[in-house]
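This note's numbering puts the first residue of the sequence shown at 2, with every later residue one more than the last. All C-beta atoms, glycine included, are put in the ideal place defined by N, C-alpha and C.
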Amino acid sequence: MGNIKFKIARSISNDCFVQEYQLPFEPGKTIAGWLTRIQEELDPSLLFPISCRAGLCGGCGLMVNDRSVLSCETMLDSYWREGDDCVSLKPLQGFPVIRDLQIDWNSARDRMKQVIPNRELIQDDANKALSGMSKELCDLSLKLGACITCGLCVSDCPVIPGGKFIEPFIFIKSRKIAEDTRVDVDSKKAMIRNLSPYLMLCIHCGKCSDVCPRALSPEEAVRYLRENEADVFMDRTSGDTYNDFK
Ligand code: SF4
Ligand code: SF4
Ligand code: FES
């Protein structure tokens, strides 16, 4: 097979440009594998996000041919055929870019802390375990806990560029906390109040669910949280768990 050509979005200081690289094609390599080859064989200055290389940490998101993917578990073969002009690689959308393909997570983390003030508390209370939860709730909690905070849902959400929304995965984390019997009702109410301005902004397009590598649905979480929002604001709530809101 011939050469494969990459066009990679680069940014160094304030200088943004697209750089081309070519390598002989070989099948069965992930995007992360190709980026490592480019870095090792052609350009050590290229910066791209990578960590566990096993689909576990969520730290390798980027855009290939304008689709948001985890680079360590995405084979290039499905994005390039001989005769194609090139493969384009860009950083995930919806985040500031540190350099090249590396995005900055600081503002997203800060927003998550502002909306979910009790995350530390939940860690501290881990010994209380999930004893008060039904099997269904435990299963749901485990499922929601599969979010690897990869940011693909941020990149594909059409409301994010407006600058007034929050990262869709925050709705998944919030939904998990809403179901957690270790968290007190007042903390859950405070969380819903913090989320309230953002719940209205979701347009329910489902793009976040379509792109999620863990088959989670931030959109569904928004629907659930909105259903409970009115109760929180009208103070129709009591009891020890979020489920008692209803
Ligand atoms: S909800 Fe899915 S796409 Fe969004 S950060 Fe979590 S794992 Fe990634
Ligand atoms: S369903 Fe809502 S959160 Fe998900 S991508 Fe669409 S607007 Fe964004
Ligand atoms: S590097 Fe950890 S999920 Fe890809």
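I'd like the list of long-range same chain contacts for residue 138, defined as Cβ closer than 7 angstroms, with 5 residues on each side in sequence excluded. 180
Is the stretch 67 to 85 in contact with the stretch 166 to 183, if contact means three or more CB pairs nearer than 8 angstroms? no
So, are the CB atoms of residue 61 and residue 71 less than 7 angstroms apart? yes
Please list, in chain order, all residues with a C-beta atom less than 7 angstroms from at least one heavy atom of ligand 3. Cβ atoms closer than 7 angstroms to ligand 3 belong to 33, 51, 52, 53, 54, 55, 56, 57, 58, 59, 60, 61, 71, 72, 73, 74, 149, 151.
Does the Cβ-Cβ distance between residue 223 and residue 209 come in under 7 angstroms? no
Kindly confirm or deny that the stretch 183 to 190 and the stretch 152 to 171 touch, where touching means at least three C-beta pairs closer than 8 angstroms. no
CB of residue 88 within 7 angstroms of CB of residue 26, strictly: no
Have a look at 184, 165, 142 and flag the residue whose alpha-carbon is nearest the alpha-carbon of residue 109. 165
I want to know whether the stretch 20 to 34 touches the stretch 42 to 58 - three or more CB-CB distances under 8 angstroms. yes
Starting from residue 47, follow its DSSP beta bridges and name the residues at the other end. DSSP, once it has assigned bridges, lists no residue as partnering residue 47.
Beta-carbon gap between residue 115 and residue 48 smaller than 7 angstroms: no
Taking the alpha helix (DSSP H) that residue 18 belongs to, which residues open and close that run? Here residue 18 belongs to no alpha helix (DSSP H); instead the beta strand (DSSP E) covers 16 to 25.
Heavy atom of ligand 4 within 6 angstroms of residue 63 beta-carbon: Of the ligands one can find in the structure shown, namely ligand 1, ligand 2 and ligand 3, none is ligand 4.
Can you name the start and end residues of the beta strand (DSSP E) that residue 186 belongs to? Run containing residue 186: none in the beta strand (DSSP E); it sits in the alpha helix (DSSP H), 186 to 200.
Going by the DSSP bridge assignment, what does residue 68 pair with across the sheet? Its beta-bridge partners are 65.
Does the beta carbon of residue 169 fall short of 6 angstroms from some heavy atom of ligand 2? yes
Inter-residue Cα distance where the pair is residue 20 and residue 80: Rounded to the nearest whole angstrom, the C-alpha separation of residue 20 and residue 80 is 18 angstroms.
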